[in-house]
Amino acid sequence: MRLEVDIAKTLRARDREFRLELKFASAAAVTVLFGPSGAGKTQTLYAIAGLTRPERGLIHVGDTALFDARRGIDLPPHRRGIGYVFQDYALFPHLNVLQNVAFATSRGVLLNPRQASSEVYALLARFALGKLASSHPHQLSGGQRQRVALARALAAKPRLLLLDEPFAALDAPLRARLREELLAVRAQFDVPMVVITHDPDDVAALGGHVVAMENGRAA
Amino acid sequence: MEYLSPLWLTLKVAALATLLALIFGVAAARALGRRGGVVRDAAESLLTLPLVLPPTVLGYYLLVVLGRNGAIGGWLHDAFGISLIFTWQGATIAAAVAAFPLILRAARAAFREVDPQLERAARTLGLNATAVFFRVSLPLAWRGICAGALLAFARAMGEFGATLMVAGSLPGRTQTLSIAIYNAVMAGDDATAQALVLVALVVAVVALVLAAQILQRNHRGDDDAA
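Chains A and X, in that order, are what the protein sequence lines are. Heads up, this note's numbering is the position in the first sequence plus 227, with the first residue counted as 1. Heads up, this note's numbering is the position in the second sequence plus 4, with the first residue counted as 1.
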């Protein structure tokens, strides 16, 4: 599936101004946005997910226009079908692991365990979370939280999965293992990914199409 | 029991007033949103006025609005033949308006405490903005809102000035506990005054204990998850 991004946006925070102006197209299974922090990588993912609106340009995933300023298209985030694994995972602290993973299918309603679909249980099993189903996010290790975030995003059956620095919070040995794991997940669920990283080792391990970014532009 | 009548009335008025203030306070906090800004902050200040105005001033304006010649009171009277003045429903509205700012401020602070990343995550998981509010923002802000609701209930229980002006002091109909105490003291009926004060004291202590229990259970609920 082809991802096409051509966007521009000026961000203002207090007295600082930042200009994001990025254009790239990728048909790779894994697209890596690589660059130092402050390069505009997260803002790019926000734009793809619909969490921020570019001033102009377009974002296409396959045949679908998620955003197209000229044609007046701007799908809201909940109708884009874009999965997002946030850097801090953003697990819902008031819900347990099962409820987090089932969030997309249960529309966030608190459900009792028997109401969860078999797909949700399959995901829990796939990510070795079965025994943690009734645990809450703050009881989990970093690696477990990441697996919950991944399972939760996949449960919504996204057409594209965005991952913001998925390995930054983990220690080095775990990081190496999880790169392999992520590629296996990508292949199994057959979902294209856009991965943000500032780590050259990630770029080497994940391969795919690399977009190097600096100061809001493709370098 | 002559002491119980003002007690039940007060509990009924305060509970309904808290419920009304809760609905409108949370809705207003949601409408004002997370971010500041000149217009929003001015709106919040304006909505906080009932807290800082002297209760009699509040009562005066309520009379102006709810009275037969007022915008709302006139319409109610013409359309339904209803008058809120000198009724317990009028007392409820007075107490709700007085308690409203406490819930508004608590709710706005509680909503600001919710990590915006969680709301973004819910959006990407297919929930529209309204669903995100009810499934994520509200459950996470609930504890702060409850704390505000307790204060609001206490404020509604003790409401005197505005209630007296809007609903008067009709024994058995609009005479709430604090007004009954005032009347007893003014009439030199020390026995009744003492009994009523004791009732008010017991209610306050019971409410305090209940509140502490609820908050503690909340705590334990969290720790269970720990």
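A virtual CB, placed ideally from N, CA and C, is assigned to each residue, including glycine. Note that the coordinates shown come from a computational prediction; the quantities given were computed from them, not determined experimentally.
Pick from A:Gly310, A:His365, A:Thr291 that is closest to Val324 (chain A), judged by C-alpha positions: Nearest C-alpha to Val324 (chain A) among A:Gly310, A:His365, A:Thr291: A:His365.
Continuous alpha helix (DSSP H) stretch holding Leu350 (chain A): start and end: Note, Leu350 (chain A): alpha helix (DSSP H), 345-353.
Stretch-stretch touch, CB-based, cutoff 8 Å, three pairs: the stretch 411-428 of chain A with the stretch 157-166 of chain X: The way I'd put it, the stretch 411-428 of chain A doesn't touch the stretch 157-166 of chain X; fewer than three beta-carbon pairs between them come closer than 8 Å.
C-alpha gap between Leu359 (chain A) and Asp398 (chain A), whole angstroms: Spanning the two alpha carbons is a distance of roughly 22 Å.
The stretch 40-53 of chain X / the stretch 86-101 of chain X touching (three or more Cβ pairs under 8 Å): No, the stretch 40-53 of chain X is not in contact with the stretch 86-101 of chain X.
Leu144 (chain X): contacting residues in chain A (beta-carbon distance under 9 Å): At a beta-carbon threshold of 9 Å, the residues of chain A lying near Leu144 (chain X) are Phe319, Pro320, His321, ordered along the chain.
Cβ-based contacts, 7 Å cut-off: residues of the stretch 145-165 of chain X near chain A: Here the close residues number zero.
Exposed unless 16 or more other CB atoms sit within 10 angstroms - verdict on Phe394 (chain A): A residue is called buried when at least 16 other Cβ atoms come within 10 angstroms of its Cβ; Phe394 (chain A) meets this threshold and is buried.
Exposure label - Gly165 (chain X); buried when at least 16 CB within 10 Å: Under this definition Gly165 (chain X) is a buried residue.
Under 8 Å between C-beta atoms of Leu260 (chain A) and Met420 (chain A): In this structure, Met420 (chain A) does not lie closer than 8 Å to Leu260 (chain A) by Cβ.
Per-residue contacts from Thr128 (chain X) into chain A (C-beta, under 7 Å): Result: Ala276, Pro304, Ile309, Gly310, Tyr311.
Inter-residue Cα distance where the pair is Leu405 (chain A) and Arg372 (chain A): Arg372 (chain A) has its alpha-carbon roughly 13 Å from the corresponding atom of Leu405 (chain A).
Contacting residues, own chain, Cβ-Cβ under 8 Å from Asp226 (chain X) (five flanking each side not counted): Note on Asp226 (chain X): pLDDT 47, under 50, position unreliable in the model; no value is reported.
Same chain, Cβ closer than 8 Å to Ser344 (chain A), five either side skipped, listed in chain order: Non-local beta-carbon contacts of Ser344 (chain A) in its own chain, meaning distances under 8 Å to residues more than five positions away in sequence, involve Ala329, Thr332 in chain order.
Pairwise C-alpha distance: Arg241 (chain A) and Pro58 (chain X): Cα to Cα, the separation comes out at about 39 Å.
Amino acids of chain X, ordered along the chain, whose beta-carbon sits closer than 8 Å to that of Phe294 (chain A): Within chain X, no residue has its beta carbon less than 8 Å from that of Phe294 (chain A); the closest one is some 15 Å off.
Test: Ala125 (chain X) CB closer than 8 Å to a CB of chain A: The beta carbon of Ala125 (chain X) sits closer than 8 Å to some beta carbon of chain A.
Ala378 (chain A) versus A:Val422, A:Gly310, A:Ser362, residue with shortest Cα-Cα distance: Comparing Cα-Cα distances from Ala378 (chain A) to each of A:Val422, A:Gly310, A:Ser362, the minimum goes to A:Gly310.
Option in X:Val189, X:Ile185, X:Asp194, X:Ala19 with minimal Cα separation from Ala204 (chain X): Of X:Val189, X:Ile185, X:Asp194, X:Ala19, the residue nearest in Cα terms is X:Ile185.
Reduced DSSP secondary structure (H/G/I, E/B, other) of Ser87 (chain X): Looking at Ser87 (chain X) - three-state DSSP - the assignment turns out to be coil, as it is neither helix nor strand.
For Arg298 (chain A), the nearest candidate out of A:Arg307, A:Arg306, A:His287 (CA to CA): If we check each option's Cα against that of Arg298 (chain A), A:His287 comes out closest.
Same chain, Cβ closer than 8 Å to Ala230 (chain X), five either side skipped, listed in chain order: Note that Ala230 (chain X) has pLDDT 33, beneath the 50 cutoff, so the model's placement of it is unreliable and the number below is only indicative. Here the set comprises nothing.
Beta carbon of Phe104 (chain X) nearer than 8 Å to that of Ser141 (chain X): Going by beta carbons, Phe104 (chain X) and Ser141 (chain X) fall outside the 8 Å limit.
DSSP three-state assignment for Asp417 (chain A), whether helix, strand or coil: DSSP places Asp417 (chain A) in the coil class of the three-state scheme, outside both helix and strand.
Cα-Cα separation, Leu200 (chain X) to Leu129 (chain X): C-alpha separation (whole angstroms): 55 Å.
Pair within 8 Å by beta-carbon distance, Gly71 (chain X) and Ile89 (chain X): Contact: yes.
Pick from X:Ala31, X:Asn132, X:Gly74 that is closest to Gly277 (chain A), judged by C-alpha positions: Of X:Ala31, X:Asn132, X:Gly74, the residue nearest in Cα terms is X:Asn132.
Reference Lys236 (chain A); option with closest CA among A:Ala252, A:Tyr273, A:Ser253: Selected option, being the one with the closest Cα: A:Tyr273.
Separation of Arg386 (chain A) from Asp290 (chain A), as counted between CA atoms: Counting only the Cα atoms, Arg386 (chain A) lies some 11 Å from Asp290 (chain A).
Boundaries of the alpha helix (DSSP H) in which Arg246 (chain A) is found, first to last residue: Residue range 243-253 is occupied by the beta strand (DSSP E) that includes Arg246 (chain A), with no alpha helix (DSSP H) assigned at that position.
As assigned by DSSP and simplified to three states, the class of Ala199 (chain X): Residue state, collapsed to three classes: helix.
Where the beta strand (DSSP E) containing Arg283 (chain A) begins and where it ends: Residues 283-288.
Element boundaries [beta strand (DSSP E), containing Phe261 (chain A)]: DSSP places Phe261 (chain A) inside the beta strand (DSSP E), whose first and last residues are 257-261.
Nearest to Tyr64 (chain X) (by Cα), restricted to the options X:Phe28, X:Ala126, X:Leu168: The option with the nearest alpha carbon to Tyr64 (chain X) is X:Leu168.
Reference Leu401 (chain A); option with closest CA among A:Leu389, A:Asp417, A:Asp429: Among A:Leu389, A:Asp417, A:Asp429, the Cα nearest to that of Leu401 (chain A) belongs to A:Asp429.
Residue burial classification, Ala216 (chain X) (beta-carbon count within 10 angstroms, cutoff 16): Exposed, by the Cβ-count rule.
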